[in-house]
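Participant:
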Amino acid sequence: MTTAPGSQVLRLNASLYPRESVESATNTLSDFGTFSIENDGDYITVSVQAGDDVDPVELVGELANFALANTLGGGSN
4 MTTAPGSQVL RLNASLYPRE SVESATNTLS DFGTFSIEND GDYITVSVQA
54 GDDVDPVELV GELANFALAN TLGGGSN
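As numbered in this note's numbering, the sequence shown has no gaps in its residue numbers, which increase by one up to the final residue, 80.
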């Protein structure tokens, strides 16, 4: 996956994180940035481009938290 300048990448193990949980997390956080999701072998790779005045590292951390919460809660937030 090629990423834009200033973007961050989050790799999640596909055997632990259902894609729908990751997609739901990106939908929840869509006001704070843009996301591109790709299957990458055993991983789901998310390219994160933070919006203006949004810390990209914090956004990636929040994305990981929401994806985990969605996974534990059955894929929805």
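Each residue gets a CB set at the ideal place from its N, CA and C atoms; glycine is no exception.
Leaving out five residues before and five after F38 in sequence, what residues of the same chain have Cβ atoms less than 8 Å from its Cβ?
Facilitator: By one-based count along the sequence shown, residue 38 stands at place 35. Once the five neighbours on either side are set aside, the close Cβ partners of F38 are T29, L32, V49, S50, V51, Q52, L66.
Participant: DSSP on A67, reduced to helix/strand/coil?
Facilitator: The residue labelled residue 67 in the question sits at position 64 within the sequence shown. A67 falls in the helix class under three-state DSSP.
Participant: Which runs of the beta strand (DSSP E) at least 3 residues long sit entirely within the stretch 6–53? Give them in chain order.
Facilitator: 11–16, 36–43, 46–53, all fully within the stretch 6–53.
Participant: Between the C-alpha atoms of A17 and S24, what's the straight-line distance to the nearest angstrom?
Facilitator: By one-based count along the sequence shown, residue 17 stands at place 14. By one-based count along the sequence shown, residue 24 stands at place 21. When rounded, the distance between both Cα atoms is 11 Å.
Participant: What's the gap between the Cα of E41 and the Cα of Y20?
Facilitator: As a working mapping, residue 41 is identified with position 38 in the sequence shown. As a working mapping, residue 20 is identified with position 17 in the sequence shown. So the two alpha carbons sit approximately 13 Å from each other.
Participant: For N73, is the classification buried or exposed, using 16 other Cβ atoms within 10 angstroms of its Cβ as the cut-off for buried?
Facilitator: Residue 73 sits at position 70 when you count from the first residue of the sequence shown. By the neighbour-count rule (16 or more Cβ atoms within 10 Å), N73 is buried.
Participant: Have a look at D58 and D43 and give me their C-alpha separation to the nearest angstrom.
Facilitator: Numbered from its first residue, the sequence shown carries residue 58 at position 55. Numbered from its first residue, the sequence shown carries residue 43 at position 40. Cα-Cα distance, rounded: 25 Å.
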